[in-house]
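Participant:
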Amino acid sequence: MDMVITESQQNWRDLARDFAKRKLEPATEWLEGEQFWDNATKLADHGFLGLTLPEEYGGMNLNLFDALLIIEELCRVCPTSGRHAYHASMGIASFINHLGNEEQKKRYLPLVTSGKLFVSLGMSEPEAGSAATDITTTAVEDGKHYRLNGSKVFISDAHLADLFVVYARFGNTGRTSDIGAILVERGTPGFTIGPNEENMSGEIQCALYFEDAMVPKENVLVTENAFKKLMGVYNGVRLGFLSQTLGITQAAFDRTIEHVNQRKQFGKEIAEFQGVQWMVSDMYVQLETARTILYRAGEAASDNKPDKNAVSVAKIFVAEAAQKITDTCIQLHGGYGFSKQYPLEWYYRCVRAASIAGGTLQVHKNMLASSVLDRKISQRK
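Here full-length UniProt numbering is used: the first residue of the sequence shown is 1, the next is one more, and so on.
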């Protein structure tokens with residue numbers, strides 16, 4: 001029931017599915033350390049890092065929709081690998097691709113596509129989560145450098161990253177127009193990464209601290225009057241995350257179909273019970289609808305310029321559907337679904353993040369309502 005996709009797109013999808021099954025071990029937890037970097041090498045060797053990045057930097061130069069199809073397939077087998085592929089494609093590396101100058105692209109993107117560099121995003125702050133425009137981290141011009149002061153929280157994969165895209169205020173008017181972004185390398189004097197903290201899914205997140213961190217001017221991505229550009233790129237990041245979510249949800253569904261066809265109770269497979277059949281049908285409808293909505297958003301962004309309304313619609317539906325589907329998968333597995341010896345509960349914990357990360361569902365509903373009603377609706381006092 002997929003949307004009509006081209007022969008080329010189907011070939012990419014099949015290639016990703018075949019690669020994942022042959023080269024990646026089915027993962028039931030986030031991979032760390034040697035396992036992570038081993039998979040990074042495999043992904044790089046087969047061209048899955050930098051899917052949307054230019055060929056001159058080692059990328060595949062695919063459009064965003066094609067990349068979404070690939071990431072979904074990778075995440076069905078190994079969510080860590082799929083997440084890495086999206087980070088290195090329409091994810092955090094895309095800030096450098098879309099907003100960076102040629103020198104920055106030449107310096108960093110080949111390292112991304114070869115699997116030698118992981119990039120993280122430093123946006124959220126203690127008092128600026130959904131209200132991204134409330135960030136207080138400052139970047140003040142100081143000779144040949146910018147002096148950074150402030151902190152970031154809940155920075156995913158900061159322990160893996162050697163480069164960070166950091167949102168900061170380059171002006172002091174207090175307006176959104178002050179906000180820009182700068183590239184900060186690990187080891188920069190005055191920049192420290194906090195201790196590893198596990199979130200609900202087991203993913204590692206860290207806080208970032210900037211205390212008079214001196215960053216060269218050549219590391220600036222964009223300064224003032226750039227917030228719309230930054231969020232335009234971030235919408236691609238959101239779609240990549242939703243593709244990861246969809247792939248994990250599909251993995252849970254696949255395992256559940258296998259389970260209900262094999263599990264026997266009262267002398268027959270539980271798939272023969274009407275109640276189970278209805279639960280399976282409901283999940284399938286939700287899954288296919290979520291896929292169609294996400295694909296439409298991806299197709300609309302084939303020029304790598306996502307439509308913000310389409311992104312919010314996809315965000316709302318995919319996140320809610322994923323949570324419902326994985327919860328039902330746990331229910332159909334009974335005690336096995338509740339056990340940490342089986343991956344169903346981990347799948348649920350992974351997709352739960354989609355309702356929060358990248359803007360909460362409530363924030364996206366607010367943004368969507370503002371657009372549909374054609375009114376600027378402030379949530380502030």
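For every residue, glycine included, the Cβ atom is placed at its ideal position computed from N, Cα and C.
Looking only at its chain, what residues have a beta carbon closer than 6 angstroms to the beta carbon of A158, apart from the 5 residues adjacent to it on each side?
Facilitator: Position 158 of the sequence shown, counting from 1, holds the residue named residue 158. Correct list, in chain order: S120, I193, C206.
Participant: Are Y86 and M123 touching if we call contact CB-CB under 7 angstroms?
Facilitator: For the purposes of this step, residue 86 is taken as the residue at position 86 of the sequence shown. For the purposes of this step, residue 123 is taken as the residue at position 123 of the sequence shown. Not closer than 7 angstroms, so no.
Participant: Give me, in chain order, the residues of the same chain whose beta-carbon lies closer than 7 angstroms to that of L117; leave out the 5 immediate sequence neighbours on both sides.
Facilitator: The count along the sequence shown starts at 1 and reaches residue 117 at position 117. Once the five neighbours on either side are set aside, the close Cβ partners of L117 are Y108, L111, D162, L163.
Participant: Need the endpoints of the alpha helix (DSSP H) that A251 sits in, please.
Facilitator: As a position in the sequence shown, residue 251 is number 251, starting the count at 1. Element bounds for A251: 227 to 262.
Participant: Counting beta carbon pairs with one atom in the segment 211 to 225 and one in the segment 293 to 310, are three or more of them shorter than 8 angstroms?
Facilitator: Too few Cβ pairs lie closer than 8 angstroms, so no.
Participant: In three-state terms, what does DSSP make of residue 396?
Facilitator: In this structure the chain extends from 1 to 381, so residue 396 is not present and cannot be described.
Participant: At a cut-off of 6 angstroms, is S371 close to the ligand COA when judged by its beta-carbon and the heavy atoms of the ligand?
Facilitator: The ligand COA is absent from the structure shown, which contains no ligands of any kind.
Participant: So, L15 versus V77, is the Cβ gap smaller than 7 angstroms?
Facilitator: What you label residue 15 is simply residue 15 of the sequence shown in a count that begins at 1. What you label residue 77 is simply residue 77 of the sequence shown in a count that begins at 1. Result no, Cβ atoms of L15 and V77 do not sit closer than 7 angstroms.
Participant: I need the straight-line Cα distance from I135 to R147, nearest angstrom please.
Facilitator: Position 135 of the sequence shown, counted from the start, is the residue given in the question as residue 135. Position 147 of the sequence shown, counted from the start, is the residue given in the question as residue 147. I135 and R147: Cα-Cα distance of roughly 16 angstroms.
Participant: In terms of alpha-carbon separation, which member of L230, E141, N149, I155 lies closest to Y179?
Facilitator: As a first step, residue 179 must be located in the sequence shown, where it is residue number 179. Note that residue 179 corresponds to Ile in the displayed sequence, not to Tyr. That would be L230, whose Cα lies nearest to the Cα of I179.
Participant: Which full runs of the alpha helix (DSSP H) of 4+ residues lie inside the segment 33 to 107, going along the chain?
Facilitator: As far as the segment 33 to 107 is concerned, its whole alpha helix (DSSP H) runs of at least 4 residues are 33 to 45, 64 to 77, 79 to 87, 93 to 99.
Participant: Nearest-angstrom Cα distance between I325 and L287?
Facilitator: Here the question's residue 325 lines up with position 325 in the sequence shown. Here the question's residue 287 lines up with position 287 in the sequence shown. Distance between the alpha carbons of I325 and L287: 8 angstroms.
Participant: Would you give the residue range spanned by the beta strand (DSSP E) that L121 belongs to?
Facilitator: Within the sequence shown, the letter at position 121 stands for residue 121. Where L121 is concerned, the enclosing beta strand (DSSP E) stretches over 119 to 122.
Participant: Please work out which residues of its chain come closer than 8 angstroms, Cβ to Cβ, to N39, disregarding the five sequence neighbours upstream and downstream, and give them in chain order.
Facilitator: One-based indexing of the sequence shown puts residue 39 at position 39. L24, L31, C78, T80, S81, H84, listed in sequence order.
Participant: Would you say D298 and F154 are within 7 angstroms of each other, going by their C-beta atoms?
Facilitator: To locate residue 298, count along the sequence shown from 1; it is residue 298. To locate residue 154, count along the sequence shown from 1; it is residue 154. The question names Asp, yet the displayed sequence has Gly at residue 298. Not closer than 7 angstroms, so no.
Participant: Going by beta-carbon coordinates alone, are residue 382 and H98 separated by less than 7 angstroms?
Facilitator: Any question about residue 382 goes unanswered here, given that the chain covers just 1 to 381.
Participant: Taking the alpha helix (DSSP H) that F19 belongs to, which residues open and close that run?
Facilitator: Your numbering for residue 19 matches position 19 in the sequence shown. 7 to 23 is the extent of the alpha helix (DSSP H) around F19.
Participant: Which term fits Q186, buried or exposed, when burial requires 16 or more other beta carbons within 10 angstroms of its beta carbon?
Facilitator: The sequence position of residue 186 within the sequence shown is 186, counting from 1. The sequence given here has Arg at residue 186, not Gln. By the neighbour-count rule (16 or more Cβ atoms within 10 Å), R186 is not buried but exposed.
Participant: Going along the chain, which residues of its own chain have a beta-carbon closer than 7 angstroms to the beta-carbon of Q331, five neighbours each way excluded?
Facilitator: Looking up residue 331 in the sequence shown gives position 331. Around Q331: G337.
Participant: Measure the CB-CB distance between residue 386 and A252 and report whether it falls below 7 angstroms.
Facilitator: Only positions 1 to 381 of the chain appear in the structure, and residue 386 is not among them; the question remains open.
Participant: What does the Cβ neighbour count give for A369, buried or exposed, with the cut at 16 atoms within 10 Å?
Facilitator: If you number the sequence shown from 1, residue 369 lands on position 369. Classification of A369: exposed, given that the 10 Å Cβ count is below 16.
Participant: By alpha-carbon positions, which one of L53, S114, E56, P26 ends up nearest to C75?
Facilitator: Position 75 of the sequence shown, counted from the first residue, corresponds to residue 75. C75 has its Cα closest to that of P26, out of L53, S114, E56, P26.
Participant: To the nearest whole angstrom, what separates the beta carbons of V313 and T245, a pair I think is in contact under 8 angstroms?
Facilitator: Indexing the sequence shown from 1 puts residue 313 at position 313. Indexing the sequence shown from 1 puts residue 245 at position 245. Not confirmed; about 15 angstroms, so no contact.
Participant: Look at M90 and G247 and say whether their C-beta atoms are less than 7 angstroms apart.
Facilitator: Within the sequence shown, residue 90 is the residue found at index 90, counting from 1. Within the sequence shown, residue 247 is the residue found at index 247, counting from 1. No; because the gap between Cβ atoms is not below 7 angstroms, this pair is not in contact.
Participant: Please list the segments of the beta strand (DSSP E) lying wholly inside the segment 115 to 187, counting only runs of 3 or more residues, in order along the chain.
Facilitator: Taking only runs of at least 3 residues, the beta strand (DSSP E) segments lying wholly in the segment 115 to 187 are 119 to 122, 138 to 142, 145 to 156, 163 to 169, 179 to 185.
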